[in-house]
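Just so we're aligned, residue 1 is where the sequence shown starts under the UniProt record's numbering, counting upward by one. Even for Gly, the Cβ is constructed at its ideal location relative to N, Cα and C. Below is one structure, written out as structure tokens; comments come after it.
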Amino acid sequence: MRTFTFFQRVSTAFRNHDSHFKLLLLCTTVTVSGGGLLAYGDAVAASEAALVTEKKKVVVLGTGWAGTSFLKNLNNPKYDVHVVSPRNYFTFTPLLPSVTCGTIEARSIVEPVRNIFRKKKGDFQFTEAECLKIDAANRKVYCRTNISENEKEFVVDYDYLIIAVGANVNTFNTPGVVENCHFLKEVEDAQKIRRTVIDCFEKASLPGLSEEERKRVLHFAIVGGGPTGVEFAASLHDFVNEDLVKLYPGIKDLVKITLLEAGDHILSMFDKRITAFAEDKFRRDGIDVKTGSMVVKVSEKEISTKSLKNGGEIATIPYGMAVWSTGIGTRPFIKDFMTQIGQINRRAVATDEWLRVEGTDNVYALGDCATINQRKVMEDISAIFKMADTDNSGTLTIKEFQAALEDICDRYPQVGLYLKSNQMRNIADLLKESKGDVQKESIELNIEELKTLLSKVDSQMKFLPATAQVASQQGTYLAKCFNRMEDCEKNPEGPLRFRGEGRHRFKPFRYRHLGQFAPLGGEQTAAQLPGDWVSIGQSSQWLWYSVYARYGVPIK
1 MRTFTFFQRV STAFRNHDSH FKLLLLCTTV TVSGGGLLAY GDAVAASEAA LVTEKKKVVV
61 LGTGWAGTSF LKNLNNPKYD VHVVSPRNYF TFTPLLPSVT CGTIEARSIV EPVRNIFRKK
121 KGDFQFTEAE CLKIDAANRK VYCRTNISEN EKEFVVDYDY LIIAVGANVN TFNTPGVVEN
181 CHFLKEVEDA QKIRRTVIDC FEKASLPGLS EEERKRVLHF AIVGGGPTGV EFAASLHDFV
241 NEDLVKLYPG IKDLVKITLL EAGDHILSMF DKRITAFAED KFRRDGIDVK TGSMVVKVSE
301 KEISTKSLKN GGEIATIPYG MAVWSTGIGT RPFIKDFMTQ IGQINRRAVA TDEWLRVEGT
361 DNVYALGDCA TINQRKVMED ISAIFKMADT DNSGTLTIKE FQAALEDICD RYPQVGLYLK
421 SNQMRNIADL LKESKGDVQK ESIELNIEEL KTLLSKVDSQ MKFLPATAQV ASQQGTYLAK
481 CFNRMEDCEK NPEGPLRFRG EGRHRFKPFR YRHLGQFAPL GGEQTAAQLP GDWVSIGQSS
541 QWLWYSVYAR YGVPIK
């Protein structure tokens with residue numbers, strides 16, 4: 001029995017430290033009662049063992065769309081991943097307005113982060129804490145957890161840092177907003193709004209209140225005519241007219257919903273047909289849409305607005321509940337980080353086309369907290385010309401330009417967009433536009449003519465919107481880059497380096513717009529899909545449902 005006990009101990013040690021030992025076992029007998037057992041161990045050198053087991057540490061800040069998409073698609077077990085976030089779950093944010101009115105329960109739009117880890121191979125660790133500071137020079141992240149009564153601060157080291165913390169609500173420093181308005185960015189925000197709506201109806205039902213006070217309490221003001229503000233206004237209208245009027249019949253006629261927008265129209269990022277339909281539908285539903293109204297102050301019971309149409313007239317609007325949804329702002333520790341790396345007076349962290357933070361080598365930023373600085377063609381025009389001029393003749397033929405076209409379009413997507421917007425099939429049509437109707441083979445350009453030809457190309461550059469769709473695609477892209485990091489070091493797959501030698505490791509990130517939806521209430525939804533395709537009505541509502549069904553989210 002001693003022989004088997006010893007064997008079990010040795011084999012356990014071997015399994016636990018198989019990369020550190022070479023083991024030779026010689027059994028000198030086949031009988032159980034006698035014989036001997038020889039074990040020979042050859043320890044591997046410590047440096048060799050470290051080389052085998054060492055993993056790069058990847059720290060991910062945030063569990064929103066970008067961070068969660070990165071985690072779900074990261075399949076390389078050679079990384080030690082540490083996720084730090086104040087929330088231990090992912091939230092399907094487009095459905096938050098539905099949570100405010102009870103159409104969907106909060107638990108239906110969240111997914112625990114640890115559930116994601118269970119499905120992954122490799123080392124994954126999660127810490128529920130908030131980031132206080134990033135020390136890029138020393139590769140450290142300073143964090144604080146508030147789980148226990150006593151706050152505890154700690155430091156996390158990293159080899160690669162993924163910043164995916166999203167953004168704060170942008171109040172534009174308007175007085176009283178933080179103290180008196182609700183926001184709609186987190187599950188807790190949606191639940192708080194739902195409780196406040198019910199509280200307003202209960203308060204208006206109390207005896208002894210004047211009719212004027214009841215009207216004020218039941219006046220719901222939404223600031224911001226973007227997708228979130230519009231969808232919440234529509235959801236609230238349905239909630240009031242389909243559910244609450246049955247529970248509070250005596251005060252149903254006192255309810256009022258007002259949507260305040262500083263611009264000329266709501267849903268300004270959508271097609272004009274959708275904007276017009278949404279404004280018309282809201283007016284028919286009794287939702288008061290006030291465009292050209294900029295909020296300048298919010299007190300406990302009143303909102304002060306400045307008219308941008310009537311000479312700056314100031315008006316006050318009494319309200320019972322106000323929801324602020326006007327855009328995104330920068331988190332304090334992100335501002336400090338940008339100052340460290342020389343990015344001052346910016347709204348978001350600037351990255352290159354590979355999502356790497358400009359001014360760093362091992363820090364990446366994605367989602368609402370970052371923006372991509374696409375390099376302009378005119379900045380590299382001399383390098384492009386030199387690279388394409390393979391015979392060093394000082395001019396470019398169509399053959400030379402066509403050979404470099406794919407790499408040019410990969411590196412500078414605005415070139416492809418310019419060709420498409422001007423209905424040009426290829427670079428030959430572009431050259432022909434400059435040189436006139438001549439034989440293609442005879443077209444040649446010197447560098448000054450090339451500058452003139454491409455002078456309008458950079459006008460096609462656009463900043464990506466701060467949407468879940470963008471963040472999700474960025475997380476997926478970056479995870480795929482990390483999965484192939486070693487392979488692409490040896491065999492780069494990106495475009496040519498016009499200002500250097502060789503190729504970039506990866507192809508740059510390219511956003512693919514899949515369309516956008518705007519639920520307008522009453523089973524009506526506006527959809528704008530690629531190809532200038534617009535659909536409005538109940539058919540679009542079912543398309544809206546099908547998008548969410550893909551994520552397994554139950555719809556009422």
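Buried/exposed call for residue i, threshold 16 Cβ in 10 Å
i    : result
M321 : buried
F463 : exposed
D407 : buried
D243 : exposed
D391 : exposed
K272 : exposed
T91  : buried
S98  : buried
A315 : exposed
S47  : Caution is warranted here: a pLDDT of 47 is assigned to S47, below 50, making its placement in the model unreliable, and the coordinate value is therefore given only provisionally. Flag for S47 reads exposed.
C27  : Caution applies to C27, whose pLDDT of 34 falls short of 50 and renders its modelled position unreliable; the model cannot decide the point.
A479 : buried
W324 : buried
R538 : What sits at residue 538 in the sequence shown is Gln, not Arg. Answer is exposed; the Cβ neighbour count stays below 16.
I303 : buried
T339 : exposed
D487 : exposed
V155 : exposed
Residue(s) in a DSSP beta bridge with residue i
i    : result
L161 : V59, V363
A526 : A518, I536
R288 : The displayed chain sequence assigns Asp, not Arg, to residue 288. Its beta-bridge partners are T258.
G329 : N168
K152 : T145
T371 : A350
W542 : DSSP output for W542 lists no bridge partner at all.
L396 : L445
R356 : Y364
F220 : I257, M321
M294 : K306
R503 : L496
H182 : V323
K135 : According to the sequence shown, residue 135 is Asp rather than Lys. Per DSSP, K140.
T228 : Note: T228 sits in no beta bridge, so no partner.
I314 : K306
Straight-line Cα distance separating residue j from residue i
i    : j    : result
H265 : F482 : 42 Å
I536 : D368 : 28 Å
K56  : N170 : 36 Å
N422 : Q460 : 11 Å
E353 : V377 : 14 Å
W542 : G515 : 15 Å
G62  : P86  : 8 Å
L161 : T452 : 41 Å
T467 : P207 : 45 Å
D189 : G500 : 49 Å
F506 : E105 : 41 Å
G64  : F509 : 19 Å
S540 : A471 : 24 Å
V438 : K456 : Interpretation of V438 is limited by its pLDDT of 48, a score under 50 that renders its predicted location unreliable; no figure is taken from the coordinates.
I344 : I328 : 18 Å
Distance CB(residue i)-CB(residue j) smaller than 8 Å
i    : j    : result
G292 : L259 : no
V110 : Y89  : yes
V197 : V298 : no
L184 : T228 : yes
L254 : K215 : yes
Y412 : R356 : no
F277 : K133 : no
A403 : T371 : no
T305 : I287 : no
N446 : T395 : yes
S235 : G522 : no
I222 : H237 : no
P492 : R503 : yes
A167 : T330 : yes
T476 : N73  : yes
D157 : D123 : no
L450 : F385 : yes
T174 : V58  : no
D458 : Q414 : yes
Q528 : F282 : no
Identify every run of the beta strand (DSSP E) within the stretch 81-132, keeping only runs that are complete inside it and at least 3 residues long; order them along the chain.
89-91, 110-112, 123-128
Please list the segments of the alpha helix (DSSP H) lying wholly inside the stretch 446-499, counting only runs of 4 or more residues, in order along the chain.
If we require 4 residues or more, the alpha helix (DSSP H) runs fully inside the stretch 446-499 come out as 447-453, 468-483, 485-490.
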